Amino acid sequence: QKWYLNEDVQFCSEIILENILTIKVSHSRRFTNSLAYFEALNKRFGINHKNPTTEKYFNDLKYRFIEIMKIEENSFKVFVKKIIKTRDYYVHGNKKQIDIFSKFELLYISFLIDFIVGIELANQLGFSEGNINKINNRAKSVYVNMQNTNRILNESIL
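Numbered as in the numbering used here, the sequence shown ends at 205 without a single skipped number.
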């Protein structure tokens, strides 16, 4: 079957394209879009949980996040909790959440989630390991290197 006829792939791809092609989308909107199709990807292609949660979906792909982000497992747990708090702040209007990601961080977290969704879709479509590694390496470059460079540039403005 052709990949573009697969409704599940098409659904996830359309949301990814919305993030890529939309001009002037806020970082918080981009983040909530990324999180929505991350959850959709997991519901359609991931482990079938009896009581699915965002936290379970992140844990299912923990190895991908840890590899790309270059963090320890304990830091990943903190990261996921902060993702959920940030989602609750922006989606549910829970203004009591104080430990949330900055708008700068949201941009790179949405890039990270977009890459992981792309990698998982590539797996579903049978891409070669070499091509998946190229996507993975690009994800590392964007999430780690680009974020660090932009953080330095933002702090060093004359």
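In this text, a Cβ means the ideal position worked out from N, Cα and C, and glycines have one as well.
As the structure is a prediction and not an experimental result, all values here were calculated from the model.
So, with DSSP's three-state summary, where would you put H74?
Locating residue 74 in the sequence shown gives position 27, counting from the first residue. H74 falls in the helix class under three-state DSSP.
For Q171, name the three-state secondary structure that DSSP assigns.
One-based indexing of the sequence shown puts residue 171 at position 124. The answer is helix: DSSP assigns Q171 an H, G or I state.
Starting from F112, trace the alpha helix (DSSP H) both ways and give me its first and last residue.
Taking the sequence shown and counting its residues from 1, the one referred to as residue 112 is at position 65. Note, F112: alpha helix (DSSP H), K109 to M116.
Would you call the region 181–196 in contact with the region 77–86, where contact means no fewer than 3 C-beta pairs closer than 8 Å?
no
Out of V164, S149 and I160, which one is the CA nearest neighbour of R198?
Reading the sequence shown from its first residue, position 151 is the one you call residue 198. It is S149.
As a quick exercise: from N66, I115 and I147, pick the residue whose alpha carbon is nearest that of I166.
The residue labelled residue 166 in the question sits at position 119 within the sequence shown. Of N66, I115 and I147, the residue nearest in Cα terms is I115.
Which whole-angstrom value describes the C-beta separation of N95 and D107, a residue pair presumed to lie in contact below a C-beta threshold of 8 Å?
Taking the first residue of the sequence shown as 1, we reach residue 95 at position 48. Taking the first residue of the sequence shown as 1, we reach residue 107 at position 60. That pair is no contact at about 11 Å.
Kindly give me the distance between the Cβ atoms of I113 and E102, rounded to whole angstroms, as I take these residues to be in contact under 8 Å.
Against the sequence shown, residue 113 aligns to sequence position 66. Against the sequence shown, residue 102 aligns to sequence position 55. About 15 Å separates the two Cβ atoms, so there is no contact after all.
Can you say whether Y110 is buried or exposed, counting buried as having 16 or more other CB atoms within 10 angstroms of its CB?
Your numbering for residue 110 matches position 63 in the sequence shown. With fewer than 16 Cβ atoms within 10 Å of its Cβ, Y110 is classed as exposed.
Please tell me whether R77 and L154 are closer than 8 Å, where the distance is taken between their beta carbons.
Along the sequence shown, one-based indexing puts residue 77 at 30. Along the sequence shown, one-based indexing puts residue 154 at 107. Result yes, Cβ atoms of R77 and L154 sit closer than 8 Å.
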